[in-house]
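Residue numbers for the sequence shown, in mature numbering (1 follows the signal peptide of the UniProt record, and there is no 0): -18 to -1, 1 to 283.
Where is the CB? At the ideal position from N, CA and C, for every residue including glycine.
All of these numbers come straight from a predicted model, not from anything done at the bench.
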Amino acid sequence: MRFPSVAIVLPFAGSALAWGALGHRTIGAIAQNYLTPATTQWVTSLLGSATLLDVSTWADDYRSTAAGTFSAPFHYIDALDSPPSTCNVNYSRDCGSTGCIVSAITNYTSRAQSTSLSTAQKTDALKFLVHFLGDITQPLHDENIEKGGNGITVLWNGKSTNLHSVWDTAIPEKYVGGNTATYANNWAKEIIAKLSTGGAYASSLSSWISCTNPSTAQSCAVSWATDGNALICTNVLKTNPAGQELSGAYYNAAIPEVERQIAKGGVRLAAYLNTIATGKASILEEEDGGFEPITAPSEEN
Ligand SMILES: *[C@@H]1O[C@H](CO)[C@@H](O)[C@H](O)[C@H]1NC(C)=O
Ligand SMILES: *[C@@H]1O[C@H](CO)[C@@H](O)[C@H](O)[C@H]1NC(C)=O
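Shown next, in the form of structure tokens:
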């Protein structure tokens, strides 16, 4: 069931969408690549034949149903910092009484592992985690200012839009060309290559998954939110984008950061799910004195 009053809901809707379908799907496809066989088995027990890519946008659809309205604040944390001079996240200051992405990750981490909830409830918990570990890497989901940039009017190819939407969708789609599963799988393959030995992200990988233990869900989620929020000062609002055309120089500065955030979301999600399913914290295995990403035994489509 859709909200009957679109005019009232629309101004706020974008603030919770986070990455558009492309970002979420790519994070799902990256994560799927690094699941251990035992994790794949656990994921399959909850999702059936659906992949992490397939379920990655479910939480955005769910929040716009009457039954899912309660979950809208779970897609972000409204950091009350002072960008661009000061960026920080403080859980007790920023989470809010109706919950935020950090409390939601904590909640759905425990629900996904519950021995008393139904399979359907655990399936929802897993789908929420797949989405929120993506959302939390979108800097404007870790920021309060102007409703996560929804209130900052900017230009994209000469057309008026808002800063939040540019980060969700316009920047990644300009780079990749579209948002379907095919585009997402292709982008995921490029990112996985950069994560592999000799790739541009190889040396960052272990730090990106350094806090991925579900038993410390809240502090890890705060650290992920803090990491995304830092980009507000160093990139997103470094120069005031209001009223500016963002498809040129601004895009060029943003796209490397966007790809790194998507990469982080993917490897963190894999490491996190691997720990939930197997108790082991890593997506890496030691090889020749270095660490190599564990790649899945079977290539998904
Ligand atoms: C976080 O916010 C709380 C509540 O506003 C405040 O008491 C605390 O000092 C803040 N912590 C830090 C490290 O700034
Ligand atoms: C935890 O998740 C359940 C199921 O979606 C929800 O009803 C509950 O409000 C959540 N609790 C918190 C503290 O977020």
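Would you decide whether residue i is buried or exposed? Buried here means 16 or more other CB atoms lie within 10 Å of its CB.
| i | result |
| --- | --- |
| A20 | exposed |
| Q103 | exposed |
| A175 | exposed |
| F52 | exposed |
| S119 | According to the sequence provided, residue 119 is Thr. The question's Ser does not apply to it. So T119 counts as buried. |
| Q243 | buried |
| P223 | buried |
| A231 | exposed |
| W75 | Reading the sequence as shown, one finds Arg at residue 75 and not Trp. By the neighbour-count rule (16 or more Cβ atoms within 10 Å), R75 is not buried but exposed. |
| A49 | exposed |
| S188 | exposed |
| D43 | exposed |
| G10 | buried |
| T8 | buried |
| N72 | exposed |
| T105 | buried |
| K141 | exposed |
| P55 | buried |
| S38 | buried |
| P(-8) | Its pLDDT being 36, under 50, P(-8) is placed unreliably by the model, and nothing is read from it. |
| N234 | exposed |
| T221 | exposed |
Quick one: give me the first and last residue of the alpha helix (DSSP H) that residue i is part of.
| i | result |
| --- | --- |
| T198 | No alpha helix (DSSP H) contains T198, which DSSP labels as neither H nor E. |
| T88 | 83 to 94 |
| residue 285 | With the chain represented from -18 up to 283, any question about residue 285 goes unanswered, as that position is not in the structure. |
| P19 | 19 to 29 |
| L35 | 34 to 37 |
| S188 | 187 to 190 |
| Y58 | Looking at the DSSP string, Y58 is not in any alpha helix (DSSP H), and its letter there is neither H nor E. |
| F110 | 101 to 117 |
If you drop the 5 nearest sequence neighbours on each side, which residues of the same chain put their C-beta closer than 7 Å to that of residue i?
| i | result |
| --- | --- |
| E282 | Summary for E282: the model assigns pLDDT 42, below 50, so the residue's position carries little reliability, and this model does not support an answer. |
| L99 | R93 |
| Q226 | V136, L137, Y232 |
| A199 | I87, T88, T91 |
Near residue i, which residues of its chain fall below 8 Å by C-beta distance, leaving aside the five closest residues on each side in sequence?
| i | result |
| --- | --- |
| N144 | G(-5), G131, N132, G133, I134, T135, V136 |
Pull the bridge partners of residue i from the DSSP assignment, please.
| i | result |
| --- | --- |
| V136 | T143 |
| T68 | S64 |
| E227 | L137 |
For residue i, I'd like the list of residues in its chain whose CB is within less than 6 Å of its CB, leaving aside the five on either flank, ordered along the chain.
| i | result |
| --- | --- |
| F114 | I83, A86, I87 |
| P154 | L4, G5, V240 |
| V193 | Per the sequence shown, the amino acid found at residue 193 is Cys instead of Val. Cβ neighbours of C193 beyond the five flanking positions: C202, S205. |
| N139 | S229 |
| L108 | L28, A94 |
| N126 | D60, A61, L62 |
| N70 | D63 |
Exercise. Just jot down, in chain order, the residues whose CB lies closer than 5 Å to any heavy atom of ligand 2.
Key: G81, N89
Practice problem: Collect the residues with a C-beta less than 7 Å away from any heavy atom of ligand 1 and give them in sequence order along the chain. | Solution: N72, S74, R75
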